[in-house]
């Protein structure tokens, strides 16, 4: 086992021979160890007091992360714990009685534990912790937080989902994550019982946004859907309309009713007249590189005014049920409908705000969630096209990434 005696040694310590984790012992302080783990940002070092109880069972108490906790502070704490041990006291109970256990600390501990497993979903789960749980629970003492506190947190997340018009998939996944974090708290002895295990999600919270449509919000499953669409063996109009809908997340009526005179290749723009829009105002849609290529390919084989004409007659667009039926044929009918692609985009764009850098208002505008009585003329004329164009390109690139391209 590696050892250290000075702060400089601990500060400069690096894992060797490709190791992912290692214990380091402080040779000057009994029972004080550092657990070092390799992360993307370097080596994470956590002070831990390790000792054997009366039954010779190894136990450990986390003192804190270095350098937030200095070596001197860790040594002082280890010395204090050593005295408790020598007096025959239950160290864990004594520590818990003395110190509040913040939800934030337990959540970070859970993340560190999962890092050792190197799971592909960890970044998304860490994002859910930071975006949805920390705002409400961060500084709460996990010993005194109640089942009602946790239920209210999920209810607040669902209120935001309802306001945005998206599915409750994120709140459901966040609830499952919360259960796992509190399971760790039980296993570590911070609490005796996990209160979220008394909550039945389906009986307590909303389980879907509405009865009219379903949506896929898991990136991996979305990638599977996109690959399935690529392999669709039905009509070209239907296949390309599905791809177009995924990239633009327009309403079904707008996708099916899209006409060539609305498309401007020179300006990389589609402009729908007010008569076609639910909000009753002209609506410009910036098109990404991928969408432009799709439209140009469609233009080469055009059969009339409609970009995605019916297979029966080019004088009419695809029927209302064609796209939903195609999704059923692909095996995704129980998970999404065509309109659900809007919820898919809304959910994932909101979850990835830090990545694409656009605010929620831009996302809402891209979805054409405009309130008639609040649109100022100058705002409506500009429609923040430059920012929306950047977001639409980011979304198309995100879909390619999800698909594995």
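In the working numbering, the protein residues as written are 1368 to 1772. Glycine included, each C-beta is placed from N, C-alpha and C at the ideal position. Quantities reported herein were computed from a predicted structural model and do not represent experimental measurements.
Within the same chain, and ignoring the five residues on either side of residue 1609 in sequence, the residues whose Cβ sits closer than 8 Å to its Cβ are 1596, 1599, 1690, 1693, 1694 and 1705. Pairing residue 1391 with residue 1400 gives a Cβ-Cβ distance under 8 Å. Residue 1494 carries a helical assignment under DSSP once its states are collapsed to helix, strand and coil. Straight-line spacing of the CA atoms in residue 1654 and residue 1499 works out to 31 Å.
In the DSSP assignment, residue 1427 is bridged to 1417. The shortest CA-to-CA distance from residue 1728 to any of 1543, 1752 and 1711 is the one to 1752.
Residue 1369 sits in a strand when the DSSP states are folded into three classes. Closest by C-alpha distance to residue 1723, out of 1736, 1563 and 1764, is 1764.
Spatial neighbours of residue 1406 in its own chain (CB-CB distance under 8 Å, excluding positions within 5 residues in sequence) are listed in chain order as 1482. Where residue 1390 is concerned, the enclosing beta strand (DSSP E) starts and stops at 1388 to 1393.
Across the structure, residue 1565 and residue 1513 are spaced so that their CA atoms are roughly 11 Å apart. Excluding five sequence positions before and after residue 1477, the CB atoms of its chain that fall closer than 6 Å to its own CB belong to 1548 and 1551, given in chain order.
Residue 1630 carries a strand assignment under DSSP once its states are collapsed to helix, strand and coil. With a 10 Å radius around the Cβ and a threshold of 16 neighbouring Cβ atoms, residue 1632 comes out exposed.
CA-CA distance, residue 1670 to residue 1678, rounds to 10 Å. Excluding sequence positions up to five before and after residue 1766, its CB lies within less than 7 Å of the CB of 1593, 1613 and 1614, all in the same chain and listed in chain order. Within the DSSP secondary-structure output, residue 1651 pairs in a beta bridge with 1638. Contact between the segment 1380 to 1387 and the segment 1419 to 1437 is absent: fewer than three C-beta pairs spanning the two stretches fall below 8 Å. Nearest to residue 1412 by C-alpha distance, out of 1424, 1457, 1501 and 1479, is 1479. The DSSP-derived three-state label of residue 1400 is strand. Beta bridge pairing from DSSP links residue 1406 with 1409.
Going by DSSP, residue 1602 is part of no alpha helix (DSSP H) at all; its letter is neither H nor E. According to the DSSP assignment, residue 1619 belongs to the alpha helix (DSSP H) that extends over 1619 to 1623.
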